[in-house]
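Engineer: Okay, handing you the structure first.
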Ligand code: GRG
């Protein structure tokens, strides 16, 4: 990797690597796999050709900080993106957010149908674990097992799915700040924390390095959610690539509803600084990941 590469260049480089890796795991239509061509197409539609690929970037960049090259981390990054894409497909369904637009194009159930979107999401979720368990993900089976264990915890009942449930249950209720932060740390934060910790697991990093990456991931996750809430209030749907101004209408519990826009902006700036500071022990090597915090805090989509 060139020493003067910028965050944006590295983001686009890692996005390309993950796109190619996902393309390999998601063969189209007629192959020697037994997969229904329609299911295969729906999975490709959901997972390929869109999104910022922030979580895969975080896996690859945290792995690099722990001595693992992109080739050695790309499967884990692709697996995590499969989980993320499944969650978006299911979140967009009529039973949940009922959205028509995602990543600037029709949502999966709009482009196909509801049953296909449910099944394609399910198949992406299970594919993630197939990828992590595959011998090409890491030569050491114990490492693959730890990656799978933490991914299951981050995605499941005490992580993303659990947070989504709490979010649905909270509609119309007034939650306190601690409850909102807990919900968000599960719904959005868990996968972002995993992305940062996965690099440390792949590289067999020291406990200190692993803790620093996990702390960075926790702060980044909070910043990401706060920026997402601000985009929902202030963003332009055409730029964001999905409907905005939905949270208040849905009676959703957000920090902005509690502390207001100005305080939210101040808090976002503080989270950005804390996330950057969490990487101090990596020195200049942590520059790209630190700049990711600035990107997340200032993003427009
Ligand atoms: C349905 C099991 C299940 C979980 C849903 C992730 C999630 C949980 C819901 C998505 C709703 C949402 C908008 C959450 C806010 C944060 C978020 C995950 C935004 C989308 O992620 P980005 O901005 O998307 O990284 P791209 O398209 O860039 O990958």
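Residue numbers (our numbering): 887 to 1187.
All C-beta atoms, glycine included, are put in the ideal place defined by N, C-alpha and C.
Contact between the region 1020 to 1032 and the region 938 to 946 is defined here as three or more beta-carbon pairs at a separation below 8 angstroms; is this criterion met?
Structural biologist: no
Engineer: Just mark residue 948 as buried or exposed, buried being the case when its beta carbon has 16 or more other beta carbons within 10 Å.
Structural biologist: Start at 1 with the first residue of the chain shown, and residue 948 comes out as number 62. Burial is judged here by how many other beta carbons sit within 10 angstroms of a residue's own beta carbon; residue 948 has at least 16 and is buried.
Engineer: Take the Cβ of residue 1158 as the centre, count every other Cβ of all protein chains shown within 10 Å, and call the residue buried at 16 or more, exposed below.
Structural biologist: Indexing the chain shown from 1 puts residue 1158 at position 272. For residue 1158, the number of other beta carbons within 10 angstroms of its own is at least 16, and it is reported as buried.
Engineer: Under a Cβ-count criterion, where at least 16 other Cβ atoms within 10 Å of its own Cβ denotes burial, should residue 895 be classed as buried or exposed?
Structural biologist: To locate residue 895, count along the chain shown from 1; it is residue 9. When all chains shown are included, residue 895 counts as exposed.
Engineer: Among 1118, 1093, 1155, 1185, which residue has its Cα nearest to the Cα of residue 1167?
Structural biologist: Within the chain shown, the letter at position 281 stands for residue 1167. The shortest C-alpha separation from residue 1167 is found at 1093.
Engineer: Rounded to whole angstroms, what's the CA-CA distance from residue 1153 to residue 1115? Just pull it up for me.
Structural biologist: Position 267 of the chain shown holds residue 1153. Position 229 of the chain shown holds residue 1115. For residue 1153 and residue 1115, the distance between alpha carbons rounds to 13 angstroms.
Engineer: Considering only their Cβ atoms, is the gap separating residue 1010 from residue 971 smaller than 9 angstroms?
Structural biologist: Walking along the chain shown from the start, residue 971 turns up at place 85. Walking along the chain shown from the start, residue 1010 turns up at place 124. In this structure, residue 1010 lies closer than 9 angstroms to residue 971 by Cβ.
Engineer: Taking just the CA atoms, how far does residue 1102 sit from residue 965?
Structural biologist: Taking the chain shown and counting its residues from 1, the one referred to as residue 965 is at position 79. Taking the chain shown and counting its residues from 1, the one referred to as residue 1102 is at position 216. Rounded to whole angstroms, the gap between the alpha carbons of residue 965 and residue 1102 is 21 angstroms.
Engineer: Name the residue from 902, 1096, 1065, 1110 whose alpha carbon lies nearest to the alpha carbon of residue 1165.
Structural biologist: As a working note, residue 1165 is residue 279 in the chain shown. Selected option, being the one with the closest Cα: 1096.
Engineer: At 4 residues or longer, and completely inside the region 969 to 1050: list those alpha helix (DSSP H) runs for me, N to C.
Structural biologist: 994 to 997, 1000 to 1019, 1027 to 1041
Engineer: Keeping to the same chain, check which residues put their C-beta closer than 7 angstroms to that of residue 904; ignore five residues upstream and five downstream.
Structural biologist: Translated into the one-based positions of the chain shown, residue 904 becomes position 18. Within the same chain, residue 904 has close Cβ partners 939, 942, 960, 963, 964, 967.
Engineer: Can you check which of these residues, 1175, 1183, 1180, 1186, is closest to residue 900 by C-alpha distance?
Structural biologist: Position 14 of the chain shown, counted from the first residue, corresponds to residue 900. Of the listed residues, the one whose Cα sits closest to residue 900 is 1175.
Engineer: At a threshold of 8 angstroms, does residue 1102 count as lining the ligand GRG (C-beta to nearest heavy atom)?
Structural biologist: Taking the first residue of the chain shown as 1, we reach residue 1102 at position 216. No, the Cβ of residue 1102 stays beyond 8 angstroms of every heavy atom of the ligand GRG.
Engineer: If distances are taken between C-alpha atoms only, which option among 1156, 1067, 990, 979 comes closest to residue 935?
Structural biologist: For this step, residue 935 is matched to residue 49 along the chain shown. Taking only the C-alpha atoms, the option nearest residue 935 is 990.
Engineer: Report the three-state DSSP secondary structure of residue 891 (helix, strand or coil).
Structural biologist: The residue given as residue 891 occupies position 5 in the chain shown. Coil, per DSSP.
Engineer: Is the region 1056 to 1067 touching the region 980 to 988 in the sense that three or more CB pairs, one from each, lie closer than 8 angstroms?
Structural biologist: Using a Cβ-Cβ distance cut-off of 8 angstroms, the region 980 to 988 and the region 1056 to 1067 are not in contact, since fewer than three pairs of beta carbons, one from each stretch, lie closer than that value.
Engineer: Cutting at 8 angstroms between CB atoms, please list the residues of its own chain near residue 919, excluding the five before and the five after it.
Structural biologist: Taking the first residue of the chain shown as position 1, residue 919 is located at position 33. Within the same chain, residue 919 has close Cβ partners 913, 926.
Engineer: Kindly indicate the opening and closing residues of the alpha helix (DSSP H) around residue 1180.
Structural biologist: Counting from one through the chain shown, the residue named residue 1180 turns up at place 294. Residue 1180 -> alpha helix (DSSP H) spans 1173 to 1184.
Engineer: Measuring straight from C-alpha to C-alpha, what distance separates residue 1007 and residue 976?
Structural biologist: Here residue 1007 refers to the residue found at position 121 when the chain shown is read from its first residue. Here residue 976 refers to the residue found at position 90 when the chain shown is read from its first residue. Computed Cα separation, rounded: 7 angstroms.
Engineer: For residue 937 and residue 1181, I'd like the C-alpha separation in whole angstroms.
Structural biologist: Position 51 of the chain shown, counting from 1, holds the residue named residue 937. Position 295 of the chain shown, counting from 1, holds the residue named residue 1181. Cα to Cα, the separation comes out at about 15 angstroms.
Engineer: Quick one: grab the DSSP three-state call for residue 1167.
Structural biologist: Start at 1 with the first residue of the chain shown, and residue 1167 comes out as number 281. Looking at residue 1167 - three-state DSSP - the assignment turns out to be helix.
Engineer: Are the Cβ atoms of residue 1108 and residue 1075 separated by less than 9 angstroms?
Structural biologist: Here residue 1108 corresponds to residue number 222 of the chain shown, with the count starting at 1. Here residue 1075 corresponds to residue number 189 of the chain shown, with the count starting at 1. In this structure, residue 1075 lies closer than 9 angstroms to residue 1108 by Cβ.
Engineer: Rounded to a whole number of angstroms, what is the C-alpha to C-alpha distance between residue 1184 and residue 1038?
Structural biologist: Here the question's residue 1184 lines up with position 298 in the chain shown. Here the question's residue 1038 lines up with position 152 in the chain shown. Distance between the alpha carbons of residue 1184 and residue 1038: 30 angstroms.
Engineer: Can you tell me where the alpha helix (DSSP H) holding residue 1103 begins and where it ends?
Structural biologist: By one-based count along the chain shown, residue 1103 stands at place 217. From DSSP, the alpha helix (DSSP H) with residue 1103 extends over 1093 to 1120.
Engineer: Check whether the Cβ atoms of residue 922 and residue 974 sit closer than 9 angstroms, and answer yes or no.
Structural biologist: Numbered from its first residue, the chain shown carries residue 922 at position 36. Numbered from its first residue, the chain shown carries residue 974 at position 88. No, the Cβ-Cβ distance between residue 922 and residue 974 is not below 9 angstroms.
Engineer: Output yes or no for whether 9 angstroms exceeds the beta carbon distance between residue 1161 and residue 1179.
Structural biologist: Working through the chain shown from its first residue, we reach residue 1161 at position 275. Working through the chain shown from its first residue, we reach residue 1179 at position 293. A contact, by the Cβ cut-off of 9 angstroms.
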